[in-house]
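There are 4 protein chains.
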Amino acid sequence: MTLRNGKEFLMIPGPTNVPDEVLRAMHRPAVDIYEGPLIETTEMCLRGLQKLFRSSGKPYIYAANGHGAWDAALSNTLSRGDKVLVLESGRFALAWGEAAGIPGLQMEVLQGDWRKAVDPDAVAARLRRDDAGDIKAVLVVQVDTASGAWNDIAAIRKAMDAAGHNALLMVDTIASLGCIPFEMDAWGVDVALTGSQKGLMTPPGLSFVIAGPRAVEAHKTADLRTNYMDWTFRDGPEHYQKYCGTPPEHLLFGFRAALEMIEAEGLENVWHRHALLAEATRRAVGAWGQGGALELNILDPLASSNSVTVVRFGGHDPAPLRQFTRETCGVTIGGTIGALSGQGIRIGHMGHVNAVMTLGTLSAIELGLNKTGIPHGRGGVQAALDYLGSAL
Amino acid sequence: MTLRNGKEFLMIPGPTNVPDEVLRAMHRPAVDIYEGPLIETTEMCLRGLQKLFRSSGKPYIYAANGHGAWDAALSNTLSRGDKVLVLESGRFALAWGEAAGIPGLQMEVLQGDWRKAVDPDAVAARLRRDDAGDIKAVLVVQVDTASGAWNDIAAIRKAMDAAGHNALLMVDTIASLGCIPFEMDAWGVDVALTGSQKGLMTPPGLSFVIAGPRAVEAHKTADLRTNYMDWTFRDGPEHYQKYCGTPPEHLLFGFRAALEMIEAEGLENVWHRHALLAEATRRAVGAWGQGGALELNILDPLASSNSVTVVRFGGHDPAPLRQFTRETCGVTIGGTIGALSGQGIRIGHMGHVNAVMTLGTLSAIELGLNKTGIPHGRGGVQAALDYLGSAL
Amino acid sequence: MTLRNGKEFLMIPGPTNVPDEVLRAMHRPAVDIYEGPLIETTEMCLRGLQKLFRSSGKPYIYAANGHGAWDAALSNTLSRGDKVLVLESGRFALAWGEAAGIPGLQMEVLQGDWRKAVDPDAVAARLRRDDAGDIKAVLVVQVDTASGAWNDIAAIRKAMDAAGHNALLMVDTIASLGCIPFEMDAWGVDVALTGSQKGLMTPPGLSFVIAGPRAVEAHKTADLRTNYMDWTFRDGPEHYQKYCGTPPEHLLFGFRAALEMIEAEGLENVWHRHALLAEATRRAVGAWGQGGALELNILDPLASSNSVTVVRFGGHDPAPLRQFTRETCGVTIGGTIGALSGQGIRIGHMGHVNAVMTLGTLSAIELGLNKTGIPHGRGGVQAALDYLGSAL
Amino acid sequence: MTLRNGKEFLMIPGPTNVPDEVLRAMHRPAVDIYEGPLIETTEMCLRGLQKLFRSSGKPYIYAANGHGAWDAALSNTLSRGDKVLVLESGRFALAWGEAAGIPGLQMEVLQGDWRKAVDPDAVAARLRRDDAGDIKAVLVVQVDTASGAWNDIAAIRKAMDAAGHNALLMVDTIASLGCIPFEMDAWGVDVALTGSQKGLMTPPGLSFVIAGPRAVEAHKTADLRTNYMDWTFRDGPEHYQKYCGTPPEHLLFGFRAALEMIEAEGLENVWHRHALLAEATRRAVGAWGQGGALELNILDPLASSNSVTVVRFGGHDPAPLRQFTRETCGVTIGGTIGALSGQGIRIGHMGHVNAVMTLGTLSAIELGLNKTGIPHGRGGVQAALDYLGSAL
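Chains as they are written, first to last, in my numbering: chain A, 1 to 392; chain B, 393 to 784; chain C, 785 to 1176; chain D, 1177 to 1568.
The structure is reproduced here in structure tokens:
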């Protein structure tokens, strides 16, 4: 017995539901790469990125996923042997740091806790001890989808300033841009990066890096540069140089359509929508947790991501529930990964997602909790509804 | 403030949400109409219709909407001056009867009640009084989307038989086929018809009529025949004759994809899915009705449609609520029409619709009831959830 | 061995190549039929039809093919027993006349010649003999795709006027509107009709009828009216009445996109494009005919359609050539039909077709003539190229 | 005046015309990256690449363009300071060599001639002088789209063997795979790479690298490795590792559809189709060159690419002609680039291209030569037709 047939929801922390408008914009003939409509599309995308990142920095578009953007950020600004300080709050800053090791960077982890955000004071303390200035860059994710943590980038910048340290601040906003406020220039971020497939509602295959003035300066002496990622080549006068080769046209047409949707809604409205849906989700989990096994992985609301919610299952196997929501309800929710692998679920609420999709998803989970016999408090969906009713 | 951006739901009693698979099947080049893949598609569609109607009768495909199918049913079997008996249970059988008047049929209404299904005993009684056999056909809808009534076609047939009357039984299944059991041959229906855009999940523009043996016989003497609707011409040997001219290719490719989806799910499973979603909807309305203004239009569960639910608002204006669900939540629900115009809402749950869409829709309505201050009992969504939890 | 893989061309006299823009406009969710974007689309389509027909008459949109439009034209203006005069110049006016017979009209054929256009003098002569005014309507096609003839509608109107006859002039422009000049009001046409799938570049399933003042007047007393085709109902105030039921939304969105393309190109430019491509095609056939078997069916250039060219094969079987162009080259060309069945080919050059498609098609035919050993003069493609070179 | 409206052709050396089937395969919802249909698609793509490259080597799929694949080939097999020998035959091997310089490789150019293919004897001679074995890799393109040269990879391998040199042979097949025979294993190629957007008919954004056994061995000591391109990471057990992060799903679904089309046609048939279309193009240019200004850039037929033809304009400005074909005919042809910039045109005939597109394109060029007054011999299209007629 299935109640699946109907619109299916992809409620994982990326890739996310692609709007019809974006898919339709991609369903078109290829065009010349030297002249015509692609040139204007590139301009629109670059300007749109500056608006998204809230920055007057230099944006770069890569035919690559987010891991490619990691390389781009590092290789354009650092040299072999440089040390990067990785601020742990889950899986992804660590992974970025591991990536740094391959071409010859040194990586030091500021150990964190998967149930908490990065502690800015700890950052300041570590940097104060770096008398020699060995640390050339600090790597942090705004949101870690493995833990559901949200890091306070502005506070981390202030901590770096307080420590009087001049490392570059590099921020991965893959799981947050277009969902959660980000203010590159106001916050003093040197390099920020993201991907197309989460808050930006575009199929995966594009990633974006934006360089502030100090990163541009650092680029001049970086010796890790590679041809494909290199900013210098991409700064050249020819259109194809902006992509170091053939532009990924169809993805660009889709991304442009997504930017137009965000523009039409208003970026602040997009942030507010995500905030409401995230809080509704947390309220539901809170209700289920009453006298039951479930618990939010991040307990501090101020450290919780508004784009993804990670739920711990208290030792119960989440696999049957995920199978139920997917096969009986047509709702795909994420499993936990990394250190939390097999211990819970990850509910994505990022990108092209609205209240009824979120409430439908929570309904599927509540049905699934009942069906699979996982002990839980009653009324999760009702709690989410009550919250949204009060917030609207 | 809006929480609309995300997948939008079209929860009206038709047209309904078109699956991606159907839209994709329509996004293709035109093809020759004399040879090639279209020929096989026609065969698949005709065979699929027989399976849907549960009939070995002769199916016809019209480039037309459901009103066109009404004409086709009447004009192929009746003659000027013939009388049809229309069984009222809402708006649509009446409209069909009105349509019959234009080319010169006489129409008599067996008056009904918009809050009840057709009473088979009343049918039998009226037919018994037709000593002269003036009534040549009985027209009835299986579901009337204006009232939300479901008529018991098998019982009506039995009533006709009990009256010993030989009028043709013509059934409009536009709002029910592919949602609710229909057994043309087993129930003794002479002509049945439907459209593409409701339970069959295809864009509007196609309609279907199927003729049983008595209808085929009646066709021989019918003098209302028109060229475009004429079965005789469509029975001809050439492929284009099946459509009396150019086949509506893209819609056919879409319809074929929809048939394949129904086949994959299993028609009985499709019926069961609709039954569960309809009952969940009624449970929600029931909860809202506790101590409040709302009420199901059809109170008898045995007379309620599983494809659409009509809700009365007890004098409260439903327009602000519909605006709220549409503009704030991205959920379009129907307004009431005809004699009920302005008095309530119509919630479609037909075609490509699943539990999470239904629960999301009920959530939007519950939010809207709060927002617009319509008095209602609490816990509608919870009641729907509880029901589905028990049924799954 | 095949050289087929690449863009395929559908060069038949309908349905025609559907532009990407039209298919893309159709790839979208269904919408409400009572409010929202569909209402504006209807307005755009109706206004666009007036521009296409060059008329201030009343346009009607049918979910139906062209045969449905035939019925609509007749049933809305005539009564049982009325006589229609059909002007033969191929297959299609005859078929329209045959259609008229089914609901009870009398049909008289003004016999013509499949190799010539209608002779206006013969029309005048026949009408002068109709002292009793029995003939209520004259039916003619502007282009007959079976013969390739183009009829001079303005001259036929003048002939009717010269005969002092007041029959309605009804013109089928299915194979010409959007390809060849048509001036409904200036020429004094009373009813004109067309379909979506030829010059109008939209998938089949829509047809259009437009009524001038005399047709509107005739409608008042017509007794052939049927519900689905009825203008009176469609003149009603509700949006759904314009379609007598559910509007065929997706086809309408596609048609609107097609109208925008025609508007962007300019209707006169569209006509001119068709004129050049048609003449290029005739030049090619002329060259092939030198000392060979091929011949244009319509020898008089002034009677030749600019939307389709019918070529006689002088006793040679055209089937292997059509198979070659289709299977080896990916070019589908039409076979001849009706009285010319099996005797030649029909080359469509209507709708979304440009010089390179036409020259590619002629190239495929020239290759096919060689391959299949049909005797023909050399240099058909070259002749077409030379003509276009001189005309551009 | 334009004859443009109709199917437009993109006849440049990439990106190429994307088949409807590929675009349709991309028009679908995103899916989970950890389970479900994407896993099988990855398998199909990897196996398909082995078939395309004719190799049992290890294939890698990158979300990147061809320049990214260049980096992947180099960084996975070489170390800082290593020397690569670039075999010049146009622009692209040089560009690859320049790319090698950025991360610290030494580049030596074996100077070539833009009007000739690489001379295997010169390769052998240079390698014989490399007593110290400084040259670690030989870089060559199978086809250079800037010159139109085709290089004989098998002969180059033999030359390397004859010189007794053990450099890796790395071949860029971006402009040839899926168009022209390539036999990685039989010819002894160590690394081959290509992109999605030329012969493989998929939108740009994917590139592919395949490693033979010697490359796999070299990888173990390569110190240029970067995270994103790294084969070791991509060899890991998790599905996402194959893409080093989120797979570019939609492009993969498109690529899979393209592979199925190639499989259906048969790879040898695809090669043969390209051979015929290329020769037809050269015949046309030959005819135009009679007593005129035009000339093939590559005069030796054995050194000519079957995927692109470069034509020199003898001092005449090609810009007006390109504008004419594009704006009047809807055919985009390429301008020459690099050392040939402004001196001629590049006619793409790769990927989803058939005889009628090629003949239509040649027709547009012939019309344009007349229109823009460039002196040329007559009968180019006729020569192409004659050739195809004889070859079919």
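Heads up, the beta-carbon is just placed ideally off N, CA and C, and yes, glycines get one too.
- DSSP, reduced to helix, strand and coil, places K1155(C) within a helical segment of the structure shown.
- In the three-state scheme derived from DSSP, where H, G and I count as helix and E and B as strand, I494(B) is classed as coil.
- When 7 Å is used as the limit between beta carbons, G1536(D) is near these residues of chain C: V1140, M1141, L1143 and G1144, in chain order.
- Looking at the DSSP output, D956(C) bridges to V925(C) and L977(C).
- At least one CB of chain B lies nearer than 8 Å to the CB of Q981(C).
- Looking at the DSSP output, W934(C) sits in a beta bridge with V927(C).
- Those residues of the stretch 1196 to 1208 of chain D placed with their C-beta closer than 7 Å to a C-beta in chain B are D1196, R1200, H1203, R1204 and P1205, ordered along the chain.
- Contact with chain B is absent for L952(C), since none of that chain's Cβ atoms lies less than 8 Å from the residue's Cβ.
- When Cβ-Cβ separations below 8 Å define contact, P843(C) makes no contact with chain B.
- Its chain contains S873, A933, I1082, D1084 and A1087 as the residues whose beta carbon lies nearer than 8 Å to that of K900(C), once the 5 sequence neighbours on both sides are disregarded; these appear in chain order.
- A541(B) has a beta carbon lying at 8 Å or more from every beta carbon in chain A.
- Leaving aside the five residues that flank E1033(C) on each side, the residues in its chain whose CB is nearer than 7 Å to its CB run, in chain order, A814, V815 and L822.
- Beta-bridge pairing by DSSP links F401(B) to V723(B).
- Taken through DSSP and simplified to helix, strand or coil, Y62(A) comes out as strand.
- As summarised for the stretch 653 to 707 of chain B, the continuous beta strand (DSSP E) elements at least 3 residues long and confined to that stretch are 700 to 704, given in chain order.
- Sixteen is the threshold: since fewer than 16 other Cβ atoms of the shown chains lie within 10 Å of the Cβ of E1414(D), the residue is exposed.
- Under the 8 Å Cβ criterion, the stretch 475 to 489 of chain B does not count as touching the stretch 643 to 653 of chain B, having fewer than three qualifying pairs.
- Here G722(B) really is in contact with R396(B); their C-beta atoms are around 4 Å apart, less than 8 Å.
- Across the set T537(B), G556(B), Q503(B) and D511(B), the C-alpha of G556(B) shows the shortest separation from the C-alpha of D522(B).
- Contact with chain D is found for L251(A), since one of that chain's Cβ atoms lies less than 8 Å from the residue's Cβ.
- Annotated as distal: R812(C) and G1122(C), with beta-carbon spacing of 8 Å or more.
- In the structure shown, E1425(D) adopts helical secondary structure according to DSSP, grouped into three states.
- T16(A) and S991(C) have their C-alpha atoms spaced approximately 40 Å apart.
- Residue burial is scored here from C-beta neighbours: R941(C) has at least 16 other C-beta atoms within 10 angstroms and is therefore classed as buried.
- The contact set of V1365(D) on chain A, defined by CB atoms closer than 9 Å, is empty, because the minimum CB distance reaches about 21 Å.
- Beta bridge pairing from DSSP links V1262(D) with V1285(D) and L1315(D).
- Counted as a single uninterrupted DSSP element, the alpha helix (DSSP H) harbouring V414(B) occupies residues D412 to M418.
- Look at T1253(D): its C-beta is not under 8 Å from any C-beta on chain A.
- Closer than 8 Å to the CB of D235(A) there is not a single CB belonging to chain D.
- The Cβ atoms of D974(C) and L953(C) sit closer than 8 Å to each other.
- Nearest CB-CB separation between H67(A) and chain D: below the 8 Å threshold.
- One Cα belongs to G1467(D), the other to A959(C), and the distance between them is close to 45 Å.
- When beta bridges are read from the DSSP output, G1163(C) appears opposite no residue.
- For A1330(D) and T1397(D), the gap between their C-alpha atoms comes out near 27 Å.
- For Y620(B), the chain C residues whose Cβ falls inside 7 Å of its Cβ are A848, H851, G852 and D855, in order along the chain.
- Counting along the chain, I737(B) sits inside the beta strand (DSSP E) bounded by residues G736 to G740.
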